[in-house]
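*Asks:* Below you will find the structure I want to go over with you.
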Amino acid sequence: MLEAGNITGAAIGLDSGGSDGDFAEASKRNSEVPSFSSETYPGWLTHWGEKWARPDTNDLKKEMIYLLKNKKSVNLYVFHGGTNFGFTAGANAFSPTQYQPDLTSYDYDAPLNEQGVPTAKYYMLRNLIKQYVDYAIPEPPALVKAIEIPAIPMTKSHSLWDYAIPSKYSPQPQPMENYGQNQGLISYKTTLIGHKSGKLKIWEPHDYALIFLNGVFIDTIYRDGGKWEVNLPKTDVKDPVLEILVEGMGHINFAQFMIDRKGITDRVTLNGMTLMNWQTTLYSLDDKFIATTKPKPPTSETSKKEAQFFKGSFSLTETGDVFFDMSNYPKGIVYINGHNLGRYWNKGPQTRLFCPASWLKKGNNEILVFDFFAKEGRSVAGFKKLEY
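Each number in the working numbering comes from the position in the sequence shown (counting from 1) with 20 added on.
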């Protein structure tokens, strides 16, 4: 790894450097340049469906003591946790059928948490480093103000299907990147000819798909695990219409599967027969889309279908950081005053999304929730802390 990841003449960064053996390897590569621990991990990331990653503080302390005692330079990754606002969360995959999307929170169990509040790991590191420096370490600054917001009533506003967006024709499904979009949602629609029920398979769903037949929700297909089939029921409709709504949940950003297009990347088959002639509609759902794309008035048909938007408002006399609790909703996206806070999913473990004070204002504020499955508005409250 050092031979492939180091430029001759440049300092060598180890990942991580926690022992004599690690630094010996660096010296073997080039003894004429400095070497350091480029990534000492105080925490770790968490994927949807996992328990919160909480690496042991004692392991971190042991590595730091070694580095400090031996006067080695060190970089902590990460020192300050953060947030994957909007659609910036990435994903991991180490096999063709594996997919591990990151949470919206990048708290990372870091010494400074997502909001910037010092944790027990911070104070451990601070007290440890004090023993190895000959100057005074300044006291931590005052905590950033956080507020709570009482439960906000939410009412149905409109549905995804109320946006009058022109569709694009293609013989075979194309991923959203082929149309200049790399996040958000994409819908594929075709009329079934020949086979009209049976085993429907998506090759491949990137990343989360809702299947509709004649406007009626049938099932979901999730990319992880390779189980990409659902049973399509029989219908009395002469020419059934199949629609597949796909959510991109974050591009793979590590290892050999980083070429990661979103939507349907190859084809769709029904009982092994390849389905043709698709009408494709794109919904970026970014801040610009929400601000400028106006929906038509809902109809009785669209208001009953999955993929609904819900609105609410709340008034503030003061602003501060806040975590909006989304545990009343199954899966979707939250916008505060037009800013996309990111994704939520009742698969867990994250139930609260961080909103910085700078995105709030004194007086009236607006919250917009897009949910794939909720049919009625459910209240949303704000809290001072991320819930683990």
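Positions of the beta carbon are idealized from the N, C-alpha and C atoms, including for glycine.
Keep in mind the model is a prediction, meaning the values are calculated, not measured.
Taking Ser-168 and Lys-404 to be in contact with their CB atoms under 8 angstroms, please state how far apart those CB atoms are, rounded to whole angstroms.
*Replies:* According to the sequence displayed, residue 168 carries Glu and not Ser. The pair is a contact, with the Cβ atoms about 6 angstroms apart (cut-off 8 angstroms).
*Asks:* Looking at the secondary structure, which residues open and close the alpha helix (DSSP H) in which Gly-332 lies?
*Replies:* Note, Gly-332: premise wrong, no alpha helix (DSSP H); beta strand (DSSP E) at 328-336.
*Asks:* Could you name the residues of the same chain whose beta carbon sits closer than 6 angstroms to that of Lys-150, not counting the 5 residues immediately before and after it, in chain order?
*Replies:* Excluding residues within five positions, the ones whose Cβ falls inside 6 angstroms are Ile-157.
*Asks:* So is Asn-291 buried or exposed if we call it buried at 16+ other beta carbons inside 10 Å?
*Replies:* Under this definition Asn-291 is an exposed residue.
*Asks:* Looking only at its chain, what residues have a beta carbon closer than 6 angstroms to the beta carbon of Lys-165, apart from the 5 residues adjacent to it on each side?
*Replies:* Hits under 6 angstroms: Gly-340.
*Asks:* If Phe-329 and Gly-402 are in contact, beta carbons under 8 angstroms, what's the gap, nearest whole angstrom?
*Replies:* With 8 angstroms as the limit, Phe-329 and Gly-402 do not qualify as a contact, their Cβ atoms being about 20 angstroms apart.
*Asks:* Output yes or no for whether 8 angstroms exceeds the beta carbon distance between Arg-372 and Leu-406.
*Replies:* Their beta carbons are under 8 angstroms apart, which means Arg-372 touches Leu-406 by this criterion.
*Asks:* Rounding to the nearest angstrom, what Cα-Cα distance links Ile-310 and Tyr-183 in this structure?
*Replies:* Near 11 angstroms, if we compare the C-alpha coordinates of Tyr-183 and Ile-310.
*Asks:* Out of curiosity, what's the CA-to-CA distance linking Gly-332 and Thr-175?
*Replies:* Approximately 7 angstroms, taken between the alpha carbons.
*Asks:* Could you tell me the alpha carbon to alpha carbon distance between Pro-191 and Asn-297, rounded to whole angstroms?
*Replies:* Near 4 angstroms, if we compare the C-alpha coordinates of Asn-297 and Pro-191.
*Asks:* Within the same chain, show all residues whose beta-carbon is closer than 6 angstroms to that of Leu-88, passing over the 5 residues directly before and after it, in chain order.
*Replies:* Only Tyr-152 meet the Cβ criterion.
*Asks:* Is Val-266 near Ile-213, with beta carbons less than 8 angstroms apart?
*Replies:* Contact flag unset, no.
*Asks:* For Lys-92, count neighbouring C-beta atoms within 10 Å of its own C-beta (all shown protein chains included) and say buried if the count is 16 or more, exposed if not.
*Replies:* With 16 or more other Cβ atoms within 10 Å, it is buried.
*Asks:* I'd like to confirm the pairing. Which residues does DSSP put opposite Val-250 in its beta bridges?
*Replies:* Beta-bridge pairing links Val-250 to Leu-220.
*Asks:* Kindly indicate which three-state DSSP category Gln-299 falls into: helix, strand or coil?
*Replies:* Of the three classes helix, strand and coil, the one that applies to Gln-299 here is strand, per DSSP.
*Asks:* Could you tell me how far apart the beta carbons of Asp-127 and His-67 are, in whole angstroms, since I believe they sit closer than 8 angstroms?
*Replies:* Contact doesn't hold; Cβ gap of about 13 angstroms is too wide.
*Asks:* Following the continuous alpha helix (DSSP H) through Tyr-86, name the residue where it begins and the one where it ends.
*Replies:* Its alpha helix (DSSP H) spans residues 77-89.
*Asks:* Tell me, please, whether the stretch 253-261 touches the stretch 193-212 by the rule of three or more beta-carbon pairs shorter than 8 angstroms.
*Replies:* Touching, yes, given that three or more Cβ pairs across the two stretches are closer than 8 angstroms.
*Asks:* Among Met-346, Thr-240, Pro-369, whose alpha-carbon lies nearest the alpha-carbon of Arg-74?
*Replies:* Closest option to Arg-74, Cα to Cα, is Pro-369.
*Asks:* Counting pairs of Cβ atoms below 8 angstroms between the stretch 243-251 and the stretch 275-283, do you hit three or more?
*Replies:* No: fewer than three Cβ pairs fall under 8 angstroms.
*Asks:* Assign Ser-125 to buried or exposed, taking buried as 16 or more other Cβ atoms, counted over all protein chains shown, within 10 Å of its Cβ.
*Replies:* Classification of Ser-125: buried, given that the 10 Å Cβ count is 16 or more.
*Asks:* Is the stretch 24-34 close to the stretch 48-55, with three or more CB pairs under 8 angstroms?
*Replies:* As far as the Cβ criterion goes, the stretch 24-34 touches the stretch 48-55, which means the pair count is three or higher.
*Asks:* With a threshold of 16 other CB atoms inside 10 Å of the CB of Asp-227, please say whether the residue is buried or exposed.
*Replies:* With 16 or more other Cβ atoms within 10 Å, it is buried.
*Asks:* Could you tell me the alpha carbon to alpha carbon distance between Ile-222 and Gly-63, rounded to whole angstroms?
*Replies:* Approximately 36 angstroms between the Cα atoms of the pair.
*Asks:* Quick check on this structure: which residue in Tyr-199, Asp-286, Asp-259, Asn-104 has the alpha carbon closest to the alpha carbon of Glu-224?
*Replies:* Closest option to Glu-224, Cα to Cα, is Asp-286.
*Asks:* When the Cα of Gln-201 is compared with those of Gly-283, Arg-243, Phe-114, Ser-177, which residue comes out closest?
*Replies:* Considering only alpha carbons, the answer is Gly-283.
*Asks:* Let me know if Val-236 comes out buried or exposed under the rule of 16 or more other beta-carbons within 10 Å of its beta-carbon.
*Replies:* Val-236 is exposed by the Cβ-count criterion.
*Asks:* Can you tell which of Lys-48, Asn-251, Leu-148 has the C-alpha that lies nearest to the C-alpha of Thr-77?
*Replies:* It is Leu-148 whose Cα lies nearest to the Cα of Thr-77.
*Asks:* Could you compute how far the alpha carbon of Arg-146 sits from the alpha carbon of Leu-220?
*Replies:* If I take the Cα positions, the gap works out to 57 angstroms.
*Asks:* Checking the sheet assignment: what are the DSSP bridge partners for Gln-151?
*Replies:* According to DSSP, Gln-151 bridges with nothing at all.
*Asks:* Go through its chain and collect everything with a Cβ distance to Lys-216's Cβ below 6 angstroms, but skip five positions before and after it.
*Replies:* Here the set comprises Pro-260.
*Asks:* To the nearest angstrom, report how far apart Met-84 and Tyr-155 are at their CA atoms.
*Replies:* Going from the Cα of Met-84 to the Cα of Tyr-155 covers about 19 angstroms.
*Asks:* Could you give the distance in angstroms between the alpha-carbon of Thr-233 and the alpha-carbon of Asn-251?
*Replies:* Note that residue 233 is Leu in the sequence shown here, rather than Thr. If you take the alpha carbons of Leu-233 and Asn-251, they lie about 11 angstroms apart.
*Asks:* Going by other Cβ atoms of all chains shown within 10 Å of its Cβ, with 16 needed for buried, is Tyr-119 buried or exposed?
*Replies:* Flag for Tyr-119 reads buried.
*Asks:* To the nearest angstrom, report how far apart Gly-110 and Val-98 are at their CA atoms.
*Replies:* If I take the Cα positions, the gap works out to 16 angstroms.
*Asks:* Helix, strand or coil: which one does DSSP assign to Tyr-142?
*Replies:* Correct three-state label for Tyr-142: helix.
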